[in-house]
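Q: Just so you know, we're using our numbering here: the sequence shown kicks off at 1 and counts up by one.
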Amino acid sequence: MIKGDVVLIGCGFVADLYMRSFQTFPGIRILGAYDHAPARLQRFCDYWDLPRFASLSDCLAALPQGGVALNLTNPSAHFVVNKAILDAGHHCYSEKPLALEMTEAKVLYDLAQARGLMLSSAPCSVLGEAAQTLAQAVRDKVAGPVRLIYAELDDGFIPQAPLEDWKSESGAPWPFEDEFQVGCTLEHAGYYLSWLIAMFGTVRRVVAASAEVLPDKRGVADTAPDFSVATLFFEAGPVVRLTCSIAAPHDHQIRVVGDKGVLVVKQAWHNGAAVRFHRRFRLRRRLIDSPLGRRQRLREVTPPKVGRRGAASMNFALGVAEMLAALVDDRGCRLSNEFALHLNEVTLAIQNAGETSGACTMTSRCPPMATVGWPA
Ligand SMILES: NC(=O)c1ccc[n+]([C@@H]2O[C@H](COP(=O)([O-])OP(=O)(O)OC[C@H]3O[C@@H](n4cnc5c(N)ncnc54)[C@H](O)[C@@H]3O)[C@@H](O)[C@H]2O)c1
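1. Per DSSP, what kind of secondary structure is residue 360 in: helix, strand or coil?
2. Given 7 Å as the limit, tell me if residue 9 has its C-beta closer than that to any heavy atom belonging to ligand 1.
3. Using 7 Å as the cut-off, classify the Cβ of residue 220 as near or not near the heavy atoms of ligand 1, replying yes or no.
4. Confirm the yes/no value for this check: CB of residue 250, any heavy atom of ligand 1, distance under 7 Å.
5. Can you determine whether any heavy atom of ligand 1 sits closer than 7 Å to the C-beta of residue 143, and answer yes or no?
6. Can you list, in chain order, the residues of its chain with a C-beta nearer than 8 Å to that of residue 164? Leave out the 5 residues immediately preceding and following it.
7. If we count Cβ pairs, one from each stretch, closer than 8 Å, do we get three or more for the region 285-299 versus the region 75-92?
8. Take every Cβ of the region 108-115, pair it with every Cβ of the region 350-357, and state whether three or more of those distances are shorter than 8 Å.
9. Kindly indicate which three-state DSSP category residue 300 falls into: helix, strand or coil?
10. Smallest Cα separation from residue 94: which of 203, 8 and 372?
11. Is the separation between the beta-carbon of residue 30 and that of residue 50 shorter than 8 Å?
12. Straight-line CA distance for residue 83 to residue 343?
13. Less than 7 Å between the CB of residue 20 and some heavy atom of ligand 1, yes or no?
14. Given 7 Å as the limit, tell me if residue 40 has its C-beta closer than that to any heavy atom belonging to ligand 2.
15. Can you look up residue 74 in the DSSP assignment and give me helix, strand or coil?
16. Go ahead and pull the three-state DSSP assignment for residue 290.
17. Am I right that residue 185 and residue 210 are in contact with their C-beta atoms under 8 Å? What's the rounded C-beta distance?
18. Can residue 109 and residue 100 be called in contact, C-beta distance under 8 Å?
19. If we count the other Cβ atoms within 10 Å of its Cβ and call it buried at 16 or more, is residue 58 buried or exposed?
20. Between which two residues does the beta strand (DSSP E) harbouring residue 243 extend?
21. Tell me the rounded alpha-carbon separation between residue 227 and residue 197.
22. Counting Cβ pairs, one atom from each stretch, are 3 or more of them under 8 Å apart for the region 332-341 and the region 60-71?
23. Comparing the CB of residue 36 with every heavy atom of ligand 1, is any distance shorter than 7 Å?
24. Taking 7 Å as the line, does the beta carbon of residue 164 fall inside it for any heavy atom of ligand 1?
25. Does the distance between the C-beta of residue 88 and the nearest non-hydrogen atom of ligand 1 fall short of 7 Å?
26. In the DSSP assignment, the beta strand (DSSP E) including residue 31 goes from what residue to what residue?
27. Should residue 235 go down as buried or exposed, given a rule of 16 or more other Cβ atoms within 10 Å for buried?
28. What would DSSP say about residue 219, mapped onto helix, strand or coil?
29. For residue 19 and residue 150, what's the separation of their Cα atoms in angstroms?
30. Sorted by chain position, which residues of the same chain lie with C-beta nearer than 6 Å to residue 359's C-beta, five sequence neighbours on each side aside?
31. Just to confirm the assignment, what range does the beta strand (DSSP E) spanning residue 232 have?
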């Protein structure tokens, strides 16, 4: 059983999803939580029956060495809070993005390296069953050598959704103002970028564009791009088209095109989503990708699932569990410091592309993710 201690900073919408997810890891103890909004802190801690800390420093002081501090604050606070965690000598798991500027991300990375600490960043769905099954199928060359990948993270026309009704389990509203100001690329590109970097390693070059296609998003000021498209050139070969938007119809599929056919996953946010292989064949004068895909199965132990629907069907605790397991096993963490830095650099390159500055060579590097099985 994976064991360890965790403190939680930021008790908003996503914190409830983490708390539900931690129930799949009974050996992980949540020692308490901190939020700079006292009412939110109280409501969250009352709901989950958790101790409350009066300050960030109290919270970090309560965490024993070898524990993990979990940063679930808004993206604008990520750098400051992540730095405080590392300065206090703790391993840090940050919600995405690691930092809003690459210079800040580099400061965090250098600090973690210098102090021998783990710095991991969400999303952790890359450790889930669907991503691991897809990676296994790619390694096994089920579709032959991979030539091209299309990955879509289109969420539908989000500003017209009944956003005021979206509440977390303990009553936190979905923070749509912050989401529109941070933008869907920083919020969501990582869901497939993490899978892709895990499979193929370093992105050598990004050629991207980003734009605001919705002029008014519920009257929110200072909003970020709500659409982006990127072509990613991986050092190891394949070329990827990655799309993010909160305007185009909902589509979260990834299609991995090889010489023998196509591997397809239709849902990015469902850890148990099916991975299917659609074999390509000739039928008289036609070329067909089989409409009936053959389901791929993971050979290793399946990571625990939360058994809920939509975004809530991701197990948000997999990343922290992986860090604690890596500590106990004295091995490198699959969500490595290099992984977090590279993910951040590629994501920022796409977000900041605009109409003119979208072609850039990446400075950070990251090997493909090691294939470590989940503990039975
Ligand atoms: N909302 C989602 O569906 C979702 C899903 C996955 C990941 N995330 C990520 O989770 C993070 C948090 O998102 P959220 O939706 O929970 O936001 P939220 O606004 O609901 O909650 C953030 C909480 O952090 C607190 N906070 C902010 N700065 C702080 C600081 N300096 N010190 C202490 N507390 C601070 C706020 O008071 C708030 O309660 C973001 O990085 C987001 O990208 C959100």
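All C-beta atoms, glycine included, are put in the ideal place defined by N, C-alpha and C.
A: According to the data block:
1. On the sequence shown, residue 360 is found 360 positions in, with the first residue counted as 1. In the structure shown, residue 360 sits in a strand (DSSP, three-state: E or B).
2. On the sequence shown, position 9 is the one that residue 9 refers to. Yes, since a heavy atom of ligand 1 falls inside the 7 Å radius drawn around the Cβ of residue 9.
3. Here residue 220 corresponds to residue number 220 of the sequence shown, with the count starting at 1. Flag unset: Cβ of residue 220 not near ligand 1.
4. The residue given as residue 250 occupies position 250 in the sequence shown. False, no ligand heavy atom lies under 7 Å from that Cβ.
5. Residue mapping note: residue 143 aligns to position 143 of the sequence shown, counting from 1. No, since every heavy atom of ligand 1 falls outside the 7 Å radius drawn around the Cβ of residue 143.
6. Along the sequence shown, read from residue 1 onward, the residue named residue 164 stands at position 164. Only 173 meet the Cβ criterion.
7. no
8. no
9. For the purposes of this step, residue 300 is identified with residue 300 of the sequence shown, where counting begins at 1. In this structure, residue 300 counts as coil in the three-state DSSP scheme.
10. For this step, residue 94 is matched to residue 94 along the sequence shown. Nearest C-alpha to residue 94: 8.
11. Counting from one through the sequence shown, the residue named residue 30 turns up at place 30. Counting from one through the sequence shown, the residue named residue 50 turns up at place 50. Yes, the pair counts as a contact, with Cβ atoms nearer than the cut-off.
12. Within the sequence shown, residue 83 is the residue found at index 83, counting from 1. Within the sequence shown, residue 343 is the residue found at index 343, counting from 1. If I take the Cα positions, the gap works out to 18 Å.
13. Residue mapping note: residue 20 aligns to position 20 of the sequence shown, counting from 1. Every heavy atom of ligand 1 is 7 Å or more from the Cβ of residue 20, so no.
14. Ligand 2 is absent from the structure shown, which contains only ligand 1.
15. Position 74 of the sequence shown, counted from the start, is the residue given in the question as residue 74. In the structure shown, residue 74 sits in coil (DSSP, three-state: anything other than H, G, I, E or B).
16. Numbered from 1 along the sequence shown, position 290 holds the residue referred to as residue 290. It is coil, neither helix nor strand.
17. By one-based count along the sequence shown, residue 185 stands at place 185. By one-based count along the sequence shown, residue 210 stands at place 210. About 6 Å separates the two Cβ atoms, so the contact holds.
18. One-based indexing of the sequence shown puts residue 109 at position 109. One-based indexing of the sequence shown puts residue 100 at position 100. The answer is no: Cβ separation not under 8 Å.
19. Translated into the one-based positions of the sequence shown, residue 58 becomes position 58. The residue in question, residue 58, is exposed, as its Cβ has fewer than 16 Cβ neighbours within 10 Å.
20. For the purposes of this step, residue 243 is taken as residue 243 along the sequence shown, with counting starting at 1. Counting along the chain, the beta strand (DSSP E) containing residue 243 begins and ends at 239-245.
21. Stepping through the sequence shown from its first residue, residue 227 is reached at position 227. Stepping through the sequence shown from its first residue, residue 197 is reached at position 197. About 21 Å.
22. no
23. For the purposes of this step, residue 36 is identified with residue 36 of the sequence shown, where counting begins at 1. Residue 36 Cβ: within cutoff of ligand 1.
24. Taking the first residue of the sequence shown as position 1, residue 164 is located at position 164. It does not: the Cβ of residue 164 is nowhere closer than 7 Å to a heavy atom of ligand 1.
25. Translated into the one-based positions of the sequence shown, residue 88 becomes position 88. No, the beta carbon of residue 88 sits no closer than 7 Å to any heavy atom of ligand 1.
26. Your numbering for residue 31 matches position 31 in the sequence shown. From DSSP, the beta strand (DSSP E) with residue 31 extends over 28-34.
27. Walking along the sequence shown from the start, residue 235 turns up at place 235. Under this definition residue 235 is an exposed residue.
28. Position 219 of the sequence shown, counting from 1, holds the residue named residue 219. Correct three-state label for residue 219: coil.
29. Here residue 19 refers to the residue found at position 19 of the sequence shown. Here residue 150 refers to the residue found at position 150 of the sequence shown. Approximately 33 Å, taken between the alpha carbons.
30. Counting from 1 along the sequence shown, the entry for residue 359 is found at position 359. Within the same chain, residue 359 has close Cβ partners 207.
31. The residue given as residue 232 occupies position 232 in the sequence shown. Element bounds for residue 232: 227-234.
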